[in-house]
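A.B. asks: Numbering (the working numbering), first residue to last: 131 to 293. A virtual CB, placed ideally from N, CA and C, is assigned to each residue, including glycine.
What follows is the structure, given as structure tokens:
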């Protein structure tokens, strides 16, 4: 094997090790991080979004993967996808996350997206996470056409027995 090939292989191995280590460190910032893994029932409260019942709250489901992925579902609007995103832990024990959901019209044509950015703080006494978020809604040309803020409160979805 030539010296150049060895250098290339060595550089590839070093880059792969760096990426693996960086991913592990991104998730290791908080001792509470293991409590986040899994699925949660959430109550979302918005400032400006009014629901069909006139209130400002609605339910959602959030699933946090150990590798830093996030999947979110709420009662969807017609043509709205699930939210997909990522999360990381901070040294102060908080979690920050971002997810995106897409919108389409009745024919399936892309009409825009929403992006949610938020922070969660763990309450060890209640085994819950809560925190603020910001939502931006974009048109198909990626222009912000609406925005809102709010809070999310979560409760773990517990495994139950059949009896």
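Could you give the residue range of the beta strand (DSSP E) that holds residue 274?
C.D. replies: Unbroken beta strand (DSSP E) run through residue 274: 274 to 286.
A.B. asks: Please say whether residue 261 and residue 279 have beta carbons closer to each other than 7 Å?
C.D. replies: The answer is no: Cβ separation not under 7 Å.
A.B. asks: Under the rule that 16 or more other beta-carbon atoms within 10 Å means buried, what is residue 246, buried or exposed?
C.D. replies: Residue 246 is buried by the Cβ-count criterion.
A.B. asks: Can you tell me the Cα-Cα spacing of residue 252 and residue 172, whole angstroms?
C.D. replies: Whole-angstrom Cα-Cα distance: 14 Å.
A.B. asks: Quick check: is the beta carbon of residue 190 nearer than 7 Å to any beta carbon in chain C?
C.D. replies: The chain inventory of the structure shown lacks chain C, comprising one protein chain alone.
A.B. asks: If I measure Cβ to Cβ from residue 178 and keep anything under 7 Å in the same chain, skipping five residues before and after, which residues do I get?
C.D. replies: Cβ neighbours of residue 178 beyond the five flanking positions: 278.
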